[in-house]
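Below is one structure; the comments refer to it alone.
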Amino acid sequence: MQIEPEYFTIEDYLHHTFSCECGRSHHTDVEKILISQGALERVPEAVEELGYHHVFLVSDYNTYQAAGERVEKLLRDRNQACTSYVIPRKIVVPDEHTLGELLVHFNPECDLIIGVGTGTINDMCKFLSYQMKMEYMIIASAPSMDGFASVGAALIVNNLKTTYNAHVPKAIIGDVDILAKAPMNMIAAGVADILGKYTCLCDWHLSNLVNGEYFCPVIERMVRYSLKKMMEQVKNLKERTPETIQTVMESLVLTGIAMSFVGNSRPASGCEHHMSHYWEMKFLFEGRPAVLHGTKVGVGTMTAIRLYQKFMESEIDYEEAVRRAEAFDFAEWSENMKRTYGAAADGVIANEKTEQKNDPEEVKKRLVVIREKMGDIRRTVSDLVPKEAFVKGILEDLDAPVNPLELGIDCGMVSDSIEVAKEVRDRYTLLQLLWDLGILKTAAEETAASFQKEIEK
């Protein structure tokens with residue numbers, strides 16, 4: 499059976515192993531997806547069908563009110579055993595402390611974890627269940643991010659935002675009536691997360707060209723189809739019609755399935771996400787209120803598009819790029835990591851010692867390939883990256899931020915994030931390409947200044 503995104507329903511991706519033209523087979527362990535009006539009422543049925551008997555129900559202050567309380571009642575009315583823990587905070591950080599808190603309140607008689615929420619709750623339940631060798635289910639409280647069906651769990655450990663391999667949920671529940679009641683900024687964040695696929699897919703192509711990284715055109719089609727379906731409904735988003743909300747949620751879940759097919763977040767996360775992760779860590783260190791993941795990704799996408807434009811306008815001096823590569827000073831670079839990453843710097847430095855992506859010899863090897871394939875690289879960027887005004891218009895129509903300074907990210911942090919966010923992940927993106935070409939620092943400073951100038955107008 500072949501994957502046909504244009505003709506598949508979301509359920510068609512389940513219970514099959516697909517032989518793909520990329521040479522791999524694709525499969526997801528998600529067994530049930532319910533995205534419809536009234537889907538919440540079917541949670542007890544789903545628990546029974548999947549063969550579980552005692553639920554550990556995890557929510558937070560907000561999501562318990564949105565859906566968790568109703569789920570708990572539905573389970574108890576069906577005489578299904580349920581241990582419920584409500585994290586007693588409105589803002590939850592997915593770190594060691596919160597994971598430990600969940601473990602302390604876990605009932606060892608439970609055989610299924612159900613999370614009620616979005617990114618943070620999903621990631622923690624995903625990781626906790628994986629570590630405990632049990633399954634989990636996620637009930638979405640808002641269509642705000644695309645990680646529901648992915649295998650990765652994004653956590654903050656040792657102060658560093660890190661994605662851990664885990665597993666997918668056994669079931670994903672999205673009650674359209676509940677999703678439609680989510681705050682508009684959360685719905686807009688989901689749209690912004692999907693808009694980030696424009697730049698992340700281009701990043702994936704770049705790495706395939708430069709490094710020969712695995713690339714699957716069929717999975718790219720899946721992600722692009724999710725973009726297409728979302729774009730067809732985005733003009734109706736503020737009306738919160740059932741069809742529009744269901745389409746957005748299905749687009750987010752489909753992107754997650756694409757990630758699970760690959761086994762990592764490559765089809766859905768590029769440099770726009772890396773900058774978002776950097777900003778998230780800096781806000782956490784400074785004790786500032788968290789910003790929604792998708793909101794940051796939307797601004798990161800605007801930044802990435804501007805950087806891609808700078809790349810396209812640049813005259814590349816390869817000899818100078820080689821000289822810069824050879825002048826790399828690990829000690830000086832490490833000091834910059836300590837300045838920018840603070841408490842997370844040790845992890846970043848340790849990662850570079852292992853991966854050596856900035857090593858002069860590695861950079862020079864890539865420069866040979868980049869020079870040879872520059873025509874293909876520029877054509878790829880021209881074909882895949884949209885105009886800044888296009889993405890800006892969509893975000894502004896949803897009253898979403900388009901400039902990092904709107905989030906309280908000052909000009910210095912914008913410049914730093916462009917220059918060092920590539921160190922968050924060992925993944926080749928536009929940021930590493932600009933580093934290899936010796937123009938990252940200049941691009942960072944000029945891009946940050948351009949955002950500052952726009953705010954001052």
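For what it's worth, this note's numbering labels the leading residue of the sequence shown as 499, then goes sequentially.
Glycine included, C-beta positions come from ideal geometry on N, C-alpha and C.
For the options 911, 943 and 518, the alpha carbon positioned closest to that of residue 712 is the one of 518. Annotated as distal: residue 721 and residue 704, with beta-carbon spacing of 9 Å or more. Three or more Cβ pairs drawn from the stretch 806 to 816 and the stretch 864 to 879 lie within less than 8 Å of each other, which places the two stretches in contact. Under the Cβ criterion (8 Å, minimum of three pairs), the stretch 605 to 622 counts as touching the stretch 560 to 572. Counting only residues of its own chain and dropping the five nearest sequence neighbours on each side, residue 717 has a CB closer than 7 Å to the CB of 756, 759, 760 and 765. If you draw a straight line from the Cα of residue 919 to the Cα of residue 587, it is about 29 Å long. Closest in C-alpha terms to residue 841, from the list 893, 895, 781 and 870, comes 781. Rounded to the nearest angstrom, the Cβ distance from residue 950 to residue 909 is 4 Å, consistent with a contact under 8 Å.
When Cβ pairs closer than 8 Å are counted between the two stretches, the stretch 893 to 912 is seen to touch the stretch 772 to 792, the count reaching three or more. Rounded to whole angstroms, the gap between the alpha carbons of residue 846 and residue 762 is 20 Å.
By the CB criterion at 9 Å, residue 646 and residue 754 fall inside the cutoff. Taken in chain order, the complete beta strand (DSSP E) segments of 3 or more residues contained in the stretch 572 to 603 are 579 to 585. Annotation: the stretch 629 to 685 contains the following complete segments of the beta strand (DSSP E) (minimum length 3 residues), in chain order: 633 to 638, 650 to 655, 658 to 663 and 669 to 673.
DSSP places residue 732 in no beta strand (DSSP E); its state is neither H nor E. Taken atom to atom, the span from the alpha-carbon of residue 893 to that of residue 795 is near 11 Å. Scanning its chain for C-beta atoms nearer than 6 Å, with the 5 sequence neighbours on each side dropped, one finds around residue 835 the residues 843, 846 and 847, in chain order. In the assembly as shown, residue 880 is an exposed residue. Its beta-carbon has fewer than 16 other beta-carbons within 10 Å. In terms of Cα proximity to residue 850, the closest of 924, 799 and 820 is 924. Proximity of the stretch 669 to 679 to the stretch 535 to 555 meets the contact definition, three or more beta-carbon pairs being nearer than 8 Å. In the structure shown, the three-state DSSP call for residue 796 is helix.
Annotated three-state conformation of residue 871 is helix, per DSSP.
Residue state for residue 865 is assigned as helix, using DSSP reduced to three classes. Sequence-distant partners of residue 882 (beyond 5 residues in either direction) whose C-beta falls short of 8 Å from its own C-beta, in its chain, are 696, 699, 700 and 703. In the DSSP assignment, residue 555 forms a beta bridge with 582 and 612. Check the Cα spacing between residue 508 and each of 723, 900 and 857: the tightest is with 723. Here the alpha carbon of residue 936 sits roughly 41 Å from the alpha carbon of residue 596. A direct Cα-to-Cα measurement between residue 609 and residue 952 gives close to 53 Å.
In this structure, DSSP gives residue 516 an extended state, which the three-state scheme calls strand. Within a 10 Å sphere around the beta-carbon of residue 510 sit fewer than 16 other beta-carbons, which makes this residue exposed. Residue 620 is not a Cβ neighbour of residue 681, given a cutoff of 9 Å. Contact annotation: the stretch 551 to 565 touches the stretch 577 to 594, with at least three C-beta pairs closer than 8 Å.
Under the three-state reduction of DSSP, residue 755 is assigned to helix. Residue pairing from DSSP leaves residue 782 without any beta-bridge partner. Spanning the alpha carbons of residue 694 and residue 752 requires a straight line of approximately 15 Å.
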